[in-house]
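Below: one structure, written as structure tokens.
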Amino acid sequence: MTDHLPFGEVRNPRFFGQDILSVSQFDRSDLENLFGVAHEMYGMVQRVGTFDLLKGKVLTNLFYEPSTRTSSSFVAAIERLGGSVVQINNVTYSSVSKGETLEDTVRTMEQYTDAVVLRHPEKGAAARAAAAAVKPVINAGDGPGEHPTQALLDAYTIKEEMGRFDGLTVTMLGDLKYGRTVHSLAKLLTLFDVKINYVSPEILQMPQDFMDAVAEKGIPQHATTDLDEVLPETDVLYVTRIQKERFENPSEYDEVKDSYVITPDVMKGAKSDMAVMHPLPRVGEISTDFDTDPRAAYFRQMEYGMYVRMALLALVLGRA
Ligand code: ASP
Ligand code: CP
């Protein structure tokens, strides 16, 4: 159908019209393509701010859970590309509170818009929504499952900050059981020649199924409760929040909530050329005293996220 595309429009079949549900759907060349477009988006935003690549396209942001970054960066991304967004950020004021199912809600929104970005508290919800919908569904976090667009921006951040993936040691710290960002990132990093360390309280270890998926790809992994053991070899320290909202027993949360705190003093034990990342929000696991350290990459990480989401929307909606 390429003949009928407007001048300059090239569609990448790996992205165009596709649901974005899990990082498992990507290979190394998909990342190269996406990151190339993200880099162009960065340049365009610096030069002109907004442009009309997705003029006429309308996105749904359907969020059943709180969000600042994912929701806002998708809004900024589509608007910078000349498109617009229908936001349902508080489902209690939608017909969800009358008992409408996820499937019917998504099928409603696809009548009005060109793609649906969905965040939901249940693992597998994005896949369910995608099965009901014809138009693309983008998983913006499905409970303790995955957060694939976060992993894409995390990988882009690693590339921008460290200049490479191969040979890096990435240490994931905090809530590895419920933290969906680390689930996606660990799987995505298997596309590269990395070593992954997991540092967490005993009760919040990386789930076995994710570790098995990483092991299958031959990636070395090491789990410990002791950050000091692995900090000196770490090139990327990926810190996460303990996911309070996923605990059934509040006293268990209280036991582990202050397990690790990154401070300038702790970071004396790390390399000088490394990056500290965090998907955010943080609730005390990185001290604000560390924010001015050049290794603190978490604010830059958010900005990269907008370019990556611009690139993803452009590719999924067919104009990159
Ligand atoms: N914002 C990320 C997520 O929604 C991480 C977090 O909430 O701790 O998964
Ligand atoms: N990183 C992330 O998903 O942030 P929000 O929960 O604020 O969207």
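Each residue of the sequence shown is one higher than the last, beginning at 155 in the numbering used here. Beta carbons are placed, not taken as given, at the ideal position from N, Cα and C, and that holds for glycine. Please read these numbers as outputs of a predicted model, since none were measured by experiment.
Under three-state DSSP, which class holds Arg473? In the sequence shown, the residue the question calls residue 473 occupies position 319. Note: Arg473 maps to coil in three-state DSSP.
By how many angstroms is the C-alpha of Val348 removed from the C-alpha of Thr378? Against the sequence shown, residue 378 aligns to sequence position 224. Against the sequence shown, residue 348 aligns to sequence position 194. So the two alpha carbons sit approximately 17 Å from each other.
Under 7 Å from any heavy atom of the ligand ASP, does the C-beta of Leu434 make it? On the sequence shown, position 280 is the one that residue 434 refers to. Yes, the beta carbon of Leu434 sits closer than 7 Å to at least one heavy atom of the ligand ASP.
Identify, in the order they occur along the chain, each residue of the same chain with its Cβ nearer than 7 Å to the Cβ of Glu399, setting aside the five sequence neighbours on each side. As a working mapping, residue 399 is identified with position 245 in the sequence shown. None.
In whole angstroms, give me the CA-to-CA distance for Arg473 and Asp184. For the purposes of this step, residue 473 is taken as the residue at position 319 of the sequence shown. For the purposes of this step, residue 184 is taken as the residue at position 30 of the sequence shown. Taking the straight line joining both Cα atoms gives about 16 Å.
Excluding the five sequence neighbours on either side, which residues of its own chain have a C-beta within less than 8 Å of the C-beta of Asp206, listed in chain order? Within the sequence shown, the letter at position 52 stands for residue 206. Counting only Cβ-Cβ distances below 8 Å, and skipping sequence neighbours, we find Leu235 and Gly236.
What is the DSSP secondary structure of Met428, counted as helix, strand or coil? Numbered from its first residue, the sequence shown carries residue 428 at position 274. The answer is coil: DSSP assigns Met428 none of H, G, I, E or B.
Does Met155 pass the burial test, meaning 16 or more other C-beta atoms within 10 Å, or should it be called exposed? In the sequence shown, residue 155 corresponds to position 1, counting from 1. The predicted model places Met155 with a pLDDT of 39, which falls under 50 and marks its position as unreliable; any figure quoted below should be read in that light. Exposed, by the Cβ-count rule.
Only counting runs of 3 or more residues, tell me where the beta strand (DSSP E) segments fall wholly within the segment 377 to 412, in order along the chain. 390 to 393
Can you grab the Cα-Cα spacing for the pair Pro167 / Lys289, in whole Å? For the purposes of this step, residue 167 is taken as residue 13 along the sequence shown, with counting starting at 1. For the purposes of this step, residue 289 is taken as residue 135 along the sequence shown, with counting starting at 1. Their backbone Cα atoms lie some 15 Å apart in a straight line.
Helix, strand or coil for Leu434? Go by DSSP, reduced to three states. Taking the first residue of the sequence shown as 1, we reach residue 434 at position 280. Three-state result, Leu434: coil.
Which of helix, strand or coil DSSP assigns to Phe444: Residue numbering aside, residue 444 sits at position 290 when the sequence shown is read from its first letter. Here Phe444 sits in helix by DSSP.
In this structure, how does DSSP classify Gly295 when only helix, strand and coil are distinguished? In the sequence shown, the residue the question calls residue 295 occupies position 141. If DSSP states are grouped into helix, strand and coil, Gly295 belongs with the strands.
First and last residue of the uninterrupted beta strand (DSSP E) at Tyr196: Position 42 of the sequence shown, counted from the start, is the residue given in the question as residue 196. Careful: Tyr196 lies outside any beta strand (DSSP E), inside the alpha helix (DSSP H) at Arg182 to Val202.
Count the other CB atoms, across all protein chains shown, that sit within 10 Å of the CB of His334; report buried if there are 16 or more and exposed otherwise. Taking the sequence shown and counting its residues from 1, the one referred to as residue 334 is at position 180. The sequence given here has Arg at residue 334, not His. Looking at its Cβ environment, which holds 16 or more other Cβ atoms inside 10 Å, Arg334 is buried.
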